[in-house]
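Visitor: Those letters in the sequence shown? Residues 1 to 157, by my numbering. Sharing a structure, written as structure tokens. Questions coming.
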Amino acid sequence: MHDEVAPHYIDMIDQTTLGHRFIKEEFGITPRIGWQIDPFSHSAVQAYLLGAEVGFDSLFFGRIDYQDRAKWKDEKSSEVVWRGSKSLSSSAQIFVGAFPDNYEPPKGFYFEVNDDSPMVQDDRNLLDYNVQDRVNDFVAAALSQKQRLRRRAVRLR
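As structure tokens, this is what we get:
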């Protein structure tokens, strides 16, 4: 993804092209989904550039305004079709979504320094073997996130 802090249109194109070229050369694939972890607003050109020009099927934001998040949560509308231009119609639209808790993984699965989320202990010889418990916790977290959506599928990060 390109720089997110008010870039010029040509910088958006150059940076996205450079990133996609790297991924294609290193991994042999072309990205179809974007994730903007820390956006600081978006211009209408984003929807057009990332949908019609780059070929993304969808785009997800790691952070959105707290008022938008509250509204989307209440309306179960954290996924929408972003229409970037009335004059370009469907060629300037892209499916977008916001993760439920900004940058954070589901509660209980944040494995950073000084965090108290239980680690997954997958050695059956250990007294604190907990794979089934952690799987059950993760499924519960996914079902909790599903309550914020209108559709049946759940996306996790």
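Ideal Cβ positions, reconstructed from N, Cα and C, are used throughout, including at glycine.
Shortest alpha-carbon distance to Gly-108 belongs to which of Arg-134, Asp-74, Glu-79 and Gly-62?
Guide: For the purposes of this step, residue 108 is taken as residue 108 along the sequence shown, with counting starting at 1. Ranking Arg-134, Asp-74, Glu-79 and Gly-62 by Cα distance to Gly-108 puts Arg-134 first.
Visitor: Could you give the distance in angstroms between the alpha-carbon of Ser-90 and the alpha-carbon of Met-12?
Guide: In the sequence shown, residue 90 corresponds to position 90, counting from 1. In the sequence shown, residue 12 corresponds to position 12, counting from 1. Answer to the nearest angstrom: the Cα atoms are 21 Å apart.
Visitor: Using beta-carbon positions only, say whether Leu-59 and Ile-33 come within less than 9 Å of one another.
Guide: By one-based count along the sequence shown, residue 59 stands at place 59. By one-based count along the sequence shown, residue 33 stands at place 33. Result yes, Cβ atoms of Leu-59 and Ile-33 sit closer than 9 Å.
Visitor: Exposed or buried, Ser-43, counting other C-beta atoms within 10 Å across all chains shown (16 or more means buried)?
Guide: Start at 1 with the first residue of the sequence shown, and residue 43 comes out as number 43. Exposure of Ser-43 is indicated by the presence of fewer than 16 other C-beta atoms within 10 angstroms of its C-beta.
Visitor: Grab the span of the alpha helix (DSSP H) containing Ala-142 for me, first residue to last.
Guide: As a first step, residue 142 is located in the sequence shown; it is residue number 142 there, counting from the start. Residues 131-146.
Visitor: Taking the alpha carbon of Ser-144 as the reference point, which residue from Val-113, Pro-106 and Ala-52 has its own alpha carbon closest?
Guide: Numbered from 1 along the sequence shown, position 144 holds the residue referred to as residue 144. The closest CA to that of Ser-144, considering only Val-113, Pro-106 and Ala-52, is found on Pro-106.
Visitor: Taking the straight line between their C-alpha atoms, what separation do you get for Gly-19 and Tyr-66?
Guide: To locate residue 19, count along the sequence shown from 1; it is residue 19. To locate residue 66, count along the sequence shown from 1; it is residue 66. Distance between the alpha carbons of Gly-19 and Tyr-66 is about 30 Å.
Visitor: Considering Cα atoms alone, identify which of Val-113, Arg-69, Phe-56 and Asp-116 is closest to Asn-102.
Guide: For this step, residue 102 is matched to residue 102 along the sequence shown. Selected option, being the one with the closest Cα: Arg-69.
Visitor: Beta-carbon within less than 8 Å of Val-45's beta-carbon, same chain only, minus the 5 sequence neighbours each way: which residues are those?
Guide: On the sequence shown, position 45 is the one that residue 45 refers to. Answer for Val-45: Tyr-9, Met-12 and Gly-84, listed in chain order.
Visitor: In whole angstroms, what separates the C-alpha of Ser-87 from that of Ala-52?
Guide: For the purposes of this step, residue 87 is taken as residue 87 along the sequence shown, with counting starting at 1. For the purposes of this step, residue 52 is taken as residue 52 along the sequence shown, with counting starting at 1. Each residue's alpha carbon lies about 14 Å from the other.
Visitor: If I measure Cβ to Cβ from Asp-137 and keep anything under 7 Å in the same chain, skipping five residues before and after, which residues do I get?
Guide: As a position in the sequence shown, residue 137 is number 137, starting the count at 1. Closer than 7 Å at Cβ, skipping near neighbours: Gly-108.
Visitor: Run through DSSP, which three-state label would Val-80 get?
Guide: Residue mapping note: residue 80 aligns to position 80 of the sequence shown, counting from 1. Val-80 falls in the strand class under three-state DSSP.
Visitor: What residue range is occupied by the uninterrupted beta strand (DSSP E) comprising Ala-98?
Guide: As a first step, residue 98 must be located in the sequence shown, where it is residue number 98. Element bounds for Ala-98: 93-98.
Visitor: Short of 7 Å in beta carbon distance, which residues of its chain neighbour Gln-93, apart from the five on each side in sequence? Order them along the chain.
Guide: The residue you call residue 93 lines up with position 93 of the sequence shown. Around Gln-93: Ala-47, Gly-51, Val-81, Trp-82, Arg-83 and Gly-84.
Visitor: Roughly how many whole angstroms lie between the Cα atoms of Phe-95 and Lys-71?
Guide: By 1-based counting over the sequence shown, the position of residue 95 is 95. By 1-based counting over the sequence shown, the position of residue 71 is 71. Straight-line Cα distance between these residues: approximately 18 Å.
Visitor: Residue ranges of each alpha helix (DSSP H) run of no fewer than 4 residues wholly in the region 5-68, ordered along the chain?
Guide: Taking only runs of at least 4 residues, the alpha helix (DSSP H) segments lying wholly in the region 5-68 are 9-27 and 45-48.
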